[in-house]
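These notes concern the structure reproduced below.
Residue numbers (our numbering): 22 to 271.
Here it is in structure tokens:
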């Protein structure tokens, strides 16, 4: 059975004092859980703090975005090389909150994915559909198109040892999570789509569920065959709730 992966996405929360308190609580509560992989993705300014506190623990850290460009006159952007300077091993790419607010295209997201892979950073690619798309029954078409943009440019093999997080947009921050059957169905579709082209890549691909995950529904979600863990937003800001989710992953 592959190890589950649980990723904390702090979004735009925190400060030096509260981060220290939360990270130290993570260390106390979560490091004893040694049969899963845990990552915390912090805002850019706190990468150095995460590195300082979490180094020599079994909790990895990462960022919430990455530039599609390697270097240059791109004011406000942060490159893969810069993330690596702070020991970031993971990066969230294409989260719907960014894609919607900052008009990120599937093509830009695909380039960011490739930048991360090229620099040895594990991309966590977010895909998902709106409620209207789910009710119209076109959710697989929507998610499939998001994946196709990467596959058609870089090949299915690029998903080897990468992470995809299925996050139905209608579930993010709403308290209304997808049912375990809904999530499993989409996860199976994602893995199958990659497997048709590259079975080895599909086997090493981790597919997470994100969207209103809590310690209670995590138990039902994480037992599903194709759900390899979770991308956790709100509950990652509470060490006790995040611990509950991590323990559900065991």
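Every residue, glycine too, gets a C-beta built ideally from N, C-alpha and C.
Taking residue 200 as reference, the option from 210, 176, 185, 232 with the minimal CA-CA separation is 232. Taking the Cα positions, residue 157 is about 13 Å away from residue 191. Annotation: the continuous alpha helix (DSSP H) that includes residue 260 extends over 260-269.
Here residue 66 carries a helix assignment [DSSP, helix/strand/coil]. Residue 114 is positioned such that its CB atom lies no closer than 8 Å to that of residue 66. In the DSSP annotation of this structure, the continuous segment of the alpha helix (DSSP H) that includes residue 173 starts and ends at 160-175.
Each residue's CA atom was taken as its position, placing residue 38 and residue 151 some 36 Å apart. Per the C-alpha coordinates, the member of 181, 177, 163 positioned closest to residue 189 is 163. Boundaries of the alpha helix (DSSP H) harbouring residue 213: 201-218, taken from the DSSP string. For residue 186, the enclosing beta strand (DSSP E) starts and ends at 184-187. Per the Cβ contact rule, the segment 221-235 is in contact with the segment 197-211 (3 or more Cβ pairs under 8 Å). In the DSSP assignment, residue 230 falls within the unbroken beta strand (DSSP E) covering 227-231.
Residue range 101-106 is occupied by the alpha helix (DSSP H) that includes residue 102.
Rounded to whole angstroms, the Cβ separation of residue 222 and residue 178 is 5 Å, and the two are in contact under 8 Å. Nearest Cα to residue 28 within the set 78, 121, 184: 184. A Cβ-Cβ separation of about 5 Å places residue 248 in contact with residue 208 under the 8 Å criterion. Residue 93 and residue 271 have their C-alpha atoms spaced approximately 43 Å apart.
In this structure residue 205 is buried. Its beta-carbon is surrounded by 16 or more other beta-carbon atoms within 10 angstroms. In the displayed model, residue 253 falls within a strand according to three-state DSSP. In its chain, beyond the 5 residues on either side, 161 have a beta carbon closer than 6 Å to the beta carbon of residue 210.
Within 10 angstroms of the beta-carbon of residue 194 lie fewer than 16 other beta-carbons, which makes it exposed.
Per the coordinates, the alpha-carbon of residue 76 lies some 25 Å from the alpha-carbon of residue 186.
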